[in-house]
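Here full-length UniProt numbering is used: position 150 in the sequence shown is 150, and no number is missing along the way. Cβ coordinates follow ideal geometry from the N, Cα and C atoms, glycine included. Contents: one structure, followed by commentary.
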Amino acid sequence: MAGLVRITYYPVKGCAGVTLTEAAVTPTGLTDDRRYAVADENGDLRWQGADPLLALVAPELLDGELTLRFPGHEPVRAGRDDVDAWLTRVLGRPSRLIRPPAGNHGRLHVVSRASLDDLNARLTAAGSDPLPMNRFRPNLVVDGWDVPHTEDEASVLTVGGVELALTERTVRCAVTMVDQETGRKAGPEPLRTLAGHRRADGGVVFGAYFRVLRPGKVSVGDEVRVRA
1 MAGLVRITYY
11 PVKGCAGVTL
21 TEAAVTPTGL
31 TDDRRYAVAD
41 ENGDLRWQGA
51 DPLLALVAPE
61 LLDGELTLRF
71 PGHEPVRAGR
81 DDVDAWLTRV
91 LGRPSRLIRP
101 PAGNHGRLHV
111 VSRASLDDLN
121 ARLTAAGSDP
131 LPMNRFRPNL
141 VVDGWDVPHT
151 EDEASVLTVG
161 GVELALTERT
171 VRCAVTMVDQ
181 ETGRKAGPEP
191 LRTLAGHRRA
201 DGGVVFGAYF
211 RVLRPGKVSV
221 GDEVRVRA
């Protein structure tokens with residue numbers, strides 16, 4: 001039986017994720033996922049491919065109040081402290097916290113352990129180190145599928161009482177080269193290895209995006225069923 005083994009949401013787009021044991025799934029995705037983002041002085045969103053230190057910005061959203069933490073700095077509270085000056089200081093570039101338009105995200109990113117195991121086997125065979133799941137920043141991690149990339153072919157996933165419909169495979173970018181523990185960017189893995197066997201949809205793909213057909217609640221341990 002395949003099951004849900006990890007749930008992660010990202011209160012601030014591009015920053016560190018928060019792991020949960022259960023979460024509400026609304027028609028637009030996990031509650032508060034990508035509720036905030038970090039923008040530059042022109043209003044363009046910052047992303048880890050250009051600003052890998054975003055990986056070390058750790059958000060906590062509690063009772064509607066957002067707190068940000070970064071190694072070696074005092075925490076900052078949005079709405080009470082000068083969060084824009086704090087972000088500018090820790091990232092080393094002019095930055096500000098924004099609320100993206102409603103519906104900016106609205107999808108869940110699903111990756112299976114079988115897919116990661118297959119990739120890591122290829123990486124180690126080529127002399128590279130295996131990578132942790134957080135390199136790929138999924139919302140839901142599924143374990144128990146025998147075949148890698150089952151998420152690519154599942155037109156509908158049922159997770160507990162929630163139903164999700166496949167929208168597209170996830171085209172990967174330079175963010176996968178950022179170590180989420182150190183905020184350092186290196187390469188060329190995993191993109192080099194993925195390019196050798198996972199080229200599709202105009203890039204290299206790993207994982208899949210799903211939209212919500214039936215909202216509800218998901219919990220670690222929920223059975224995950226596939227309808228092809």
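Local Cβ density within 10 Å of residue i, reported as buried at 16 or more and exposed below that
i           : result
Ala16       : buried
Gly92       : exposed
Asp32       : buried
Asp201      : exposed
Trp110      : First, the amino acid is wrong: residue 110 is Val here, not Trp. Buried, because 16 or more other Cβ atoms sit within 10 Å of the Cβ of Val110.
Leu116      : buried
Asn139      : buried
Asp222      : buried
Glu189      : buried
Ala195      : exposed
Val147      : exposed
Asp44       : exposed
Gly207      : buried
Glu151      : buried
residue 256 : With the chain running from 1 to 228 in the structure shown, residue 256 is simply not present.
Gly14       : buried
Beta-carbon proximity check, residue i vs residue j, cutoff 7 Å
i           : j      : result
Arg135      : Arg211 : no
Gly183      : Ala55  : yes
Pro71       : Val178 : no
Val141      : Arg169 : no
Val90       : His73  : yes
Thr21       : Val156 : no
residue 240 : Thr26  : Summary: the structure shown does not reach residue 240, with the chain confined to residues 1 through 228, and so no result is reported for it.
Gly29       : Cys173 : no
Trp145      : Ser112 : yes
Check: residue i C-beta below 6 Å from any heavy atom of the ligand MG
i      : result
Gly203 : Among the ligands in the structure shown, none appear at all, so the ligand MG cannot be discussed.
For residue i, the residue or residues it bridges with in DSSP
i      : result
Gly14  : BP columns for Gly14 are empty, so no partner.
Leu62  : Glu65
Asp129 : DSSP output for Asp129 lists no bridge partner at all.
Asp118 : According to DSSP, Asp118 bridges with nothing at all.
Glu22  : Ser219
Gly112 : Residue identity check: residue 112 is Ser in the sequence provided, not Gly. Ser112 pairs with Val142.
Asp81  : Ala78
Exercise. Between the stretch 31 to 43 and the stretch 53 to 69, are three or more C-beta pairs nearer than 8 Å?
Worked result: yes
Exercise. Enumerated in chain order, which unbroken segments of the beta strand (DSSP E) with a length of 3 residues or greater are wholly contained in the stretch 29 to 54?
Worked result: 36 to 39
Problem set entry | Within the stretch 134 to 212, ranges of the alpha helix (DSSP H) (whole runs, at least 4 residues) | 150 to 153, 191 to 197
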